[in-house]
Amino acid sequence: YLSYFLTFCLNLSLCIANMSVPSKLKLTYFDIEGAAEPVRLAFTLAGIPFEDDRIKFPEWKELKPKTPYGKLPVLAIDGDMKTQSSAQLRYAASIDPTGTLYPKEKLYEIEECIGLIKDLQDSWTPRLYIGMRPATFGYPEDFTKTEEGKAKVEAVRKEWVEKEMPELLSYIEGKIVKNGGNFLCGGDKPTIADCVLVPLLRGFTKGHIDHVDTECIKKNSPKLVEYVERFCALPEIKGRYTSGIGSA
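When you read off a place in the sequence shown, starting at 1, and then add 182, the result is the number in this note's numbering.
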């Protein structure tokens, strides 16, 4: 499997030089960062023009049946709708004229770092969604409106931030330090791994998640705060955000 995966990654990188930018790219998602933000960042860093179509939540009901699989984000490439944010991210890298978002000499490092980021996200997601979709976890739909539900959400989120977040962040910080202290996979240019990590870290600091201390990244890893601020100070990104670490 490893041999197959590395061969696939190498072939993908070799295709980059032969890819041309479509005449029209339209990325549709909600007016939040979420799953589309890494793709937006990749297009932006690569200097690739695209339509950033941000819909309001009430619009989703009408749009949903018009999408291939009833999910967002959707990337229309010259009108052909493509799904899956991870595929969209790598597609953005494949048409990056600079070739710095997914260079072949860093393929394994990039994918390993994205795996570490996914470990962090997978660990956190149940604590986030128990407050949004309690029925998924075997609780009544109105669970979070009860005192018991409110207490449960608060407890699991605070416990995760206190006990699990520090170790997971330390792995990611270790990668940055090992790779020179600038960007996640080394060098003076970000890769798609940075496009994935920065929005995730920022999400903990914007104040929109109940029972998550907005200083939690800073308290656990000042180096990661510096890393996000460095990324957000890039000319292509500067001024993009108005809340959380890395904001103007």
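Glycine is no exception: its CB is placed at the ideal position from the N, C-alpha and C atoms. Just so it is clear, the structure is predicted and the values come from calculations on it, not from any experiment.
Residue i in three-state terms, based on DSSP
i: Thr210; result: strand
i: Ala258; result: strand
i: Arg384; result: helix
i: Arg422; result: coil
i: Arg315; result: coil
i: Glu397; result: coil
i: Ile296; result: helix
i: Lys264; result: strand
Beta carbon of residue i nearer than 9 Å to that of residue j
i: Leu366; j: Leu283; result: no
i: Glu233; j: Lys206; result: yes
i: Leu271; j: Ile419; result: no
i: Ala217; j: Ser276; result: no
i: Lys264; j: Tyr273; result: yes
i: Cys377; j: Val221; result: yes
i: Arg339; j: Glu215; result: no
Assumed close pair residue i, residue j - CB separation to whole angstroms, cut-off 8 Å
i: Ile354; j: Leu406; result: 7 Å
i: Leu379; j: Asp301; result: With 8 Å as the limit, Leu379 and Asp301 do not qualify as a contact, their Cβ atoms being about 12 Å apart.
i: His390; j: Val335; result: The pair is not a contact, with the Cβ atoms about 14 Å apart (cut-off 8 Å).
i: Gly426; j: Phe413; result: Gly426 to Phe413, Cβ: 12 Å. No contact.
i: Val343; j: Cys295; result: With a Cβ gap of about 22 Å, Val343 and Cys295 do not count as contacting.
i: Leu209; j: Pro240; result: Rounded, the Cβ-Cβ distance is 20 Å, inconsistent with contact.
Assigned exposure category for residue i - 16 Cβ within 10 Å defines buried
i: Ala224; result: buried
i: Arg315; result: exposed
i: Tyr409; result: buried
i: Tyr251; result: exposed
Runs of alpha helix (DSSP H) lying entirely within the segment 346–375, each at least 4 residues, in chain order: Listed in chain order, the complete alpha helix (DSSP H) runs (minimum 4 residues) inside the segment 346–375 are 347–360.
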